[in-house]
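Q:
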Amino acid sequence: MYAEGVADMAGRIRDEDIALVRERSSIADVISETVTLKSAGAGNLKGLCPFHDEKSPSFNVSPARNVWYCFGCGAGGDAIKFLMDAEHLSFVESVERLADRAGIQLRYVEGDSAAPRPRPQQGQRQRLVAAHAAAVEFYRAQLTTAGARPAREFLARRGFDRAAAERYGCGFAPDAWDLLTKHLRQQGFTHDELVTGGLSRPSRSGTLIDRFRRRLMWPIRDLTGDVIGFGARKLFEDDDGPKYLNTPETPIYKKSHVLYGVDQAKREIAKQGKVVVVEGYTDVMACHLAGVPTAVATCGTAFGGDHIGVLRRLLMDTDDVAGEIIFTFDGDAAGQKAALRAFEDDQRFVGRTFIAVSPDNMDPCDLRLAKGDLAVRDLVARREPLVDFALRHVINRYDLDTVDGRVEAMRRAAPLVAKLKDREKRPEYVRKLAGDLGMEIEPVQRAVLAAASATPGRDAAPAPRPARPEPVVDNPHSMVEREALKLALQEPVLAGPMFDAVEASEYRHPVHSAVRAAVAAVGGAATATGGAVWIESVRDACEDLAARALVGELAVEPLRIDGEPDPRYVSVTMARLQWGSVTSRIRDLKSRIQRINPVNNKDEYFAAFGELLSLEQHARALREQAAGGL
Numbered sequence: 024m025y026a027e028g029v030a031d032m033a034g035r036i037r038d039e040d041i042a043l044v045r046e047r048s049s050i051a052d053v054i055s056e057t058v059t060l061k062s063a064g065a066g067n068l069k070g071l072c073p074f075h076d077e078k079s080p081s082f083n084v085s086p087a088r089n090v091w092y093c094f095g096c097g098a099g100g101d102a103i104k105f106l107m108d109a110e111h112l113s114f115v116e117s118v119e120r121l122a123d124r125a126g127i128q129l130r131y132v133e134g135d136s137a138a139p140r141p142r143p144q145q146g147q148r149q150r151l152v153a154a155h156a157a158a159v160e161f162y163r164a165q166l167t168t169a170g171a172r173p174a175r176e177f178l179a180r181r182g183f184d185r186a187a188a189e190r191y192g193c194g195f196a197p198d199a200w201d202l203l204t205k206h207l208r209q210q211g212f213t214h215d216e217l218v219t220g221g222l223s224r225p226s227r228s229g230t231l232i233d234r235f236r237r238r239l240m241w242p243i244r245d246l247t248g249d250v251i252g253f254g255a256r257k258l259f260e261d262d263d264g265p266k267y268l269n270t271p272e273t274p275i276y277k278k279s280h281v282l283y284g285v286d287q288a289k290r291e292i293a294k295q296g297k298v299v300v301v302e303g304y305t306d307v308m309a310c311h312l313a314g315v316p317t318a319v320a321t322c323g324t325a326f327g328g329d330h331i332g333v334l335r336r337l338l339m340d341t342d343d344v345a346g347e348i349i350f351t352f353d354g355d356a357a358g359q360k361a362a363l364r365a366f367e368d369d370q371r372f373v374g375r376t377f378i379a380v381s382p383d384n385m386d387p388c389d390l391r392l393a394k395g396d397l398a399v400r401d402l403v404a405r406r407e408p409l410v411d412f413a414l415r416h417v418i419n420r421y422d423l424d425t426v427d428g429r430v431e432a433m434r435r436a437a438p439l440v441a442k443l444k445d446r447e448k449r450p451e452y453v454r455k456l457a458g459d460l461g462m463e464i465e466p467v468q469r470a471v472l473a474a475a476s477a478t479p480g481r482d483a484a485p486a487p488r489p490a491r492p493e494p495v496v497d498n499p500h501s502m503v504e505r506e507a508l509k510l511a512l513q514e515p516v517l518a519g520p521m522f523d524a525v526e527a528s529e530y531r532h533p534v535h536s537a538v539r540a541a542v543a544a545v546g547g548a549a550t551a552t553g554g555a556v557w558i559e560s561v562r563d564a565c566e567d568l569a570a571r572a573l574v575g576e577l578a579v580e581p582l583r584i585d586g587e588p589d590p591r592y593v594s595v596t597m598a599r600l601q602w603g604s605v606t607s608r609i610r611d612l613k614s615r616i617q618r619i620n621p622v623n624n625k626d627e628y629f630a631a632f633g634e635l636l637s638l639e640q641h642a643r644a645l646r647e648q649a650a651g652g653l
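Under my numbering, read the sequence shown as residues 24 to 653, first letter to last.
If you want it as structure tokens, here you go:
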């Protein structure tokens, strides 16, 4: 259980401070930095799970209780657990990050001593992020120096003034071997931290030197806005390095997951249901400044599957909600090749995918310089479906005035139509392809069908979701048990006394019984005030893995009532829970009485008969109490 991570070698965070962090951390605010959330009714929110690939949202968030749960993969928890899973942080790092966010001063204790101690060394991620934040300020300050004149001139030539440079944190790596390294070492960062973070590197002589030198710098931020790396552009002819140099892979910088500009674009992407994928840092800046605030770019790598996962969660790209993904590529051979790669990836999106290519083969930054902001907006507005572009690109390679050319073009284009994820569009594209080729529909249709059948996995059933405990709703009584447990977890102040009065023996399903036992183990629902702290304490008390998963599920599942629950609803639920158990005991007792010989076993017979009368009286009272309905 992740709570065990509270302790570290230097000491531990005080329990009351951890509880305060849980209570003051808005789960919706924390998660919405990574996942686009929309209303799911009853005050809950939903989105696409960041921990497994899915096309329908099963990731649920309960702001009222500050917990989340995914019905698809079974993951769940509070804000601390979300950061641990989403950002790969330790427990202590997650608590410290949320504490900083909420303005909470954490206190630490040594062993069994209650005396506060100084803050211990932060977790690795926090230290690396702090080093990058310090590097940003260093590079930004260097941009104003005399030696940075070529960097300022480059930005000006690309149409970016001082305000734009400040907005995107542009800086300059000076013409020195170890100026940044010395600056960061003076601030307390270690040799290993600077090397691990990719800010410095060992020289041939073994001394530590700066990784970037004599270059224009762009800080690269993650979804939350933390700087995790840098992109560096060559400025001088005698620089024999690549045109662009990026931070190497580090514990916090994974280039296959990073999209430049996503921290500034994420809210507009979610709001508009649209994202524009460009190729470079200056293209992102140009699009944003021109009125296309949804632009992002990859960082030193091709657009791939991990990038798709990030965008799908921001777009909430689902079977019910289809966003727009617009790629902008240069019109040259390399740009067209990139567009065709994007078409292959397109099948992982539910939303509609487009391509926007400037008539003059200019990227968005060049287009803004030459023709202004309106031209950039028009470029995006004139987008065309990516499949149309891909088909045209394939067809144009063949001479359609010859039979051989038309047949070969059909053979090459048919697999593209066969790959369309929306099968209802395929007949239309068969007709379109036949018209573009100047052929009859029948041979084109046969070619597409043959390509579809030859493509492994095409039209096959979707891959099953990751295994998880199945919901326990196998009969009406189980449903009532489930509702009672939801009341205890979600509304302990309201339901506590009535819930605690019903023993665990009334719960027939073993997983439900295990959750009920966990509630008792932490003092009962009547002692709780609710929220994430309460739910996590119950989860941690579960000895059964299935019960632990069920706690997360029940914490976000809506109650089976319109409006807010009241004492009467709790009374009805608990009465129905007991009534089911009592009627079962009555049936068993009647069967037992029939087997007793009243002559030979008179005492046993009358004792059982008296118990039956008492149970039937209790059952009548419960039936009256339960008259309301779930």
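C-beta: ideal position from N, C-alpha, C; glycine also. What you are looking at is a predicted structure, and each value in this text was computed from that prediction instead of being measured.
#1: What residue range does the alpha helix (DSSP H) around S536 cover?
#2: With the cut-off set at 9 Å, would you say H155 and F253 are in Cβ contact?
#3: Assuming the contact rule is C-beta atoms closer than 8 Å, V574 and R562 should be a hit. Round their C-beta distance to whole Å, please.
#4: Tell me the residue span of the beta strand (DSSP E) that contains E347.
#5: According to DSSP, is V84 helix, strand or coil?
#6: Helix, strand or coil for D233, going by three-state DSSP, please let me know.
#7: Output yes or no for whether 9 Å exceeds the beta carbon distance between E407 and A436.
#8: For G554, count neighbouring Cβ atoms within 10 angstroms of its own Cβ and tell me buried if that reaches 16, exposed if not.
#9: Restricting to Cα atoms, I'd like to know which of Y191, P387 and F235 is closest to T204.
#10: Whole angstroms are fine: how far does the CA of V118 sit from the CA of E657?
#11: Whole angstroms are fine: how far does the CA of D233 sit from the CA of A223?
#12: Pull up the distance between the alpha-carbon of I464 and that of S381, whole angstroms please.
#13: Using 10 angstroms around the beta-carbon of V319, count the other beta-carbons present and answer buried if the total reaches 16, otherwise exposed.
#14: Hey, does S528 have any beta-carbon neighbour from chain C nearer than 9 Å?
#15: Determine contact between the segment 93 to 112 and the segment 42 to 50, defined as no fewer than three beta-carbon pairs at a distance below 8 Å.
#16: Once DSSP output is grouped into helix, strand and coil, what is the label at P621?
#17: Quick one: Cα of K691 to Cα of Q210, how far?
#18: Assuming M433 is part of the alpha helix (DSSP H), what are its boundary residues?
#19: Cβ of L121 within 9 Å of Cβ of V53?
#20: Grab me the residues of I36's own chain with a C-beta within less than 7 Å of its C-beta, minus the 5 sequence neighbours each way, in chain order.
#21: Hey, how far is the Cα of F195 from the Cα of S226?
#22: On the DSSP bridge list, what partners appear for F377?
#23: Just to confirm my understanding: we take A87, look at its own chain, exclude 5 residues before and 5 after, and list those with CB closer than 7 Å. What are they?
#24: Taking only runs of the alpha helix (DSSP H) that begin and end inside the segment 157 to 209, which ones reach a length of at least 4 residues, in chain order?
#25: Measuring alpha carbon to alpha carbon, tell me which residue in T425, K444 and R449 is nearest L460.
#26: Could you tell me which whole beta strand (DSSP E) segments of length 3 or greater appear in the segment 51 to 127?
#27: Take the Cβ of E302 as the centre, count every other Cβ of all protein chains shown within 10 Å, and call the residue buried at 16 or more, exposed below.
#28: Cα-Cα, which of H500, A470, P588 and M462 is closest to Q513?
#29: Considering just the uninterrupted stretch of the alpha helix (DSSP H) at A564, what are its terminal residues?
#30: In three-state DSSP terms, what is Y267?
#31: Between the segment 468 to 475 and the segment 522 to 542, are three or more C-beta pairs nearer than 8 Å?
#32: On the criterion of 16 or more Cβ atoms from any shown chain inside 10 Å, does H214 qualify as buried, or is it exposed?
#33: Measuring only the C-alpha atoms, how far is S136 from C96?
#34: For A474, which residues in the same chain have their Cβ closer than 7 Å to its Cβ, ignoring the five residues on either side in sequence?
#35: Can you grab the Cα-Cα spacing for the pair I616 / Y628, in whole Å?
#36: Rounding to the nearest angstrom, what Cα-Cα distance links W200 and R208 in this structure?
A: On the basis of the data shown:
#1: Against the sequence shown, residue 536 aligns to sequence position 513. It spans P533 to A544 - the alpha helix (DSSP H) in which S536 sits, taken as one unbroken run.
#2: By 1-based counting over the sequence shown, the position of residue 155 is 132. By 1-based counting over the sequence shown, the position of residue 253 is 230. Taking 9 Å as the Cβ cut-off, H155 and F253 qualify as a contacting pair.
#3: For the purposes of this step, residue 574 is taken as the residue at position 551 of the sequence shown. For the purposes of this step, residue 562 is taken as the residue at position 539 of the sequence shown. Indeed, because the Cβ distance is near 4 Å, the residues count as touching under 8 Å.
#4: Start at 1 with the first residue of the sequence shown, and residue 347 comes out as number 324. Per DSSP, E347 belongs to the beta strand (DSSP E) from E347 to T351.
#5: Looking up residue 84 in the sequence shown gives position 61. V84: strand per DSSP, three-state reduction.
#6: Position 210 of the sequence shown holds residue 233. DSSP, reduced to helix, strand and coil, places D233 within a strand of the structure shown.
#7: Along the sequence shown, one-based indexing puts residue 407 at 384. Along the sequence shown, one-based indexing puts residue 436 at 413. In this structure, E407 lies away from A436, with their beta-carbon atoms at least 9 Å apart.
#8: Along the sequence shown, read from residue 1 onward, the residue named residue 554 stands at position 531. Label assigned to G554: buried.
#9: For the purposes of this step, residue 204 is taken as residue 181 along the sequence shown, with counting starting at 1. When the alpha-carbon of T204 is set against those of Y191, P387 and F235, the nearest one is in F235.
#10: In this structure the chain extends from 24 to 653, so residue 657 is not present and cannot be described.
#11: Here residue 223 refers to the residue found at position 200 of the sequence shown. Here residue 233 refers to the residue found at position 210 of the sequence shown. Before going further, note that residue 223 is Ser rather than Ala in the sequence given. Rounded to whole angstroms, the gap between the alpha carbons of S223 and D233 is 4 Å.
#12: For the purposes of this step, residue 464 is taken as residue 441 along the sequence shown, with counting starting at 1. For the purposes of this step, residue 381 is taken as residue 358 along the sequence shown, with counting starting at 1. Distance between the alpha carbons of I464 and S381: 33 Å.
#13: Here residue 319 is taken as the residue at index 296 of the sequence shown, counted from 1. V319 comes out buried.
#14: This model lacks chain C altogether; it includes just one protein chain.
#15: Contact holds: three or more Cβ-Cβ distances are below 8 Å.
#16: Taking the sequence shown and counting its residues from 1, the one referred to as residue 621 is at position 598. DSSP, read as helix, strand or coil, puts P621 in coil.
#17: Beyond the ends of the chain as shown, which are 24 and 653, falls residue 691; an answer cannot be given.
#18: In the sequence shown, the residue the question calls residue 433 occupies position 410. Where M433 is concerned, the enclosing alpha helix (DSSP H) stretches over V426 to A441.
#19: Locating residue 121 in the sequence shown gives position 98, where the first residue counts as 1. Locating residue 53 in the sequence shown gives position 30, where the first residue counts as 1. Result yes, Cβ atoms of L121 and V53 sit closer than 9 Å.
#20: Counting from 1 along the sequence shown, the entry for residue 36 is found at position 13. The residues are V29, V115, V118, L129 and Y131.
#21: Counted from its first residue, the sequence shown places residue 195 at position 172. Counted from its first residue, the sequence shown places residue 226 at position 203. Distance between the alpha carbons of F195 and S226: 21 Å.
#22: Stepping through the sequence shown from its first residue, residue 377 is reached at position 354. According to DSSP, F377 bridges with I349 and P408.
#23: Taking the sequence shown and counting its residues from 1, one reaches residue 87 at position 64. Once the five neighbours on either side are set aside, the close Cβ partners of A87 are G66.
#24: Segments of the alpha helix (DSSP H) lying fully in the segment 157 to 209: 172 to 180, 185 to 190 and 202 to 209.
#25: To locate residue 460, count along the sequence shown from 1; it is residue 437. For the residues T425, K444 and R449, the minimum Cα distance to L460 belongs to T425.
#26: Segments of the beta strand (DSSP E) lying fully in the segment 51 to 127: 61 to 64, 67 to 70, 82 to 85 and 90 to 93.
#27: For this step, residue 302 is matched to residue 279 along the sequence shown. Here E302 is buried. Its C-beta has 16 or more other C-beta atoms within 10 Å.
#28: Stepping through the sequence shown from its first residue, residue 513 is reached at position 490. The shortest C-alpha separation from Q513 is found at P588.
#29: Here residue 564 refers to the residue found at position 541 of the sequence shown. Residues G554 to A564.
#30: As a working mapping, residue 267 is identified with position 244 in the sequence shown. Y267 carries a strand assignment under DSSP once its states are collapsed to helix, strand and coil.
#31: No: the two stretches stay apart, fewer than three of their Cβ pairs being nearer than 8 Å.
#32: The count along the sequence shown starts at 1 and reaches residue 214 at position 191. Classified as exposed, H214 has fewer than 16 neighbouring CB atoms from the shown chains inside 10 Å of its CB.
#33: Your numbering for residue 136 matches position 113 in the sequence shown. Your numbering for residue 96 matches position 73 in the sequence shown. At S136, the pLDDT of 45 sits below 50, so the modelled position is not reliable; the number obtained from the coordinates is stated separately. Distance from the CA atom of S136 to the CA atom of C96, rounded to whole angstroms, is 40 Å.
#34: Here residue 474 refers to the residue found at position 451 of the sequence shown. Cβ-Cβ distances below 7 Å link A474 to A437, P438 and A441 in the same chain, with the five nearest sequence neighbours on each side left out; the list follows chain order.
#35: Along the sequence shown, one-based indexing puts residue 616 at 593. Along the sequence shown, one-based indexing puts residue 628 at 605. One C-alpha to the other measures close to 7 Å.
#36: For the purposes of this step, residue 200 is taken as the residue at position 177 of the sequence shown. For the purposes of this step, residue 208 is taken as the residue at position 185 of the sequence shown. W200 and R208 have their C-alpha atoms roughly 14 Å apart.
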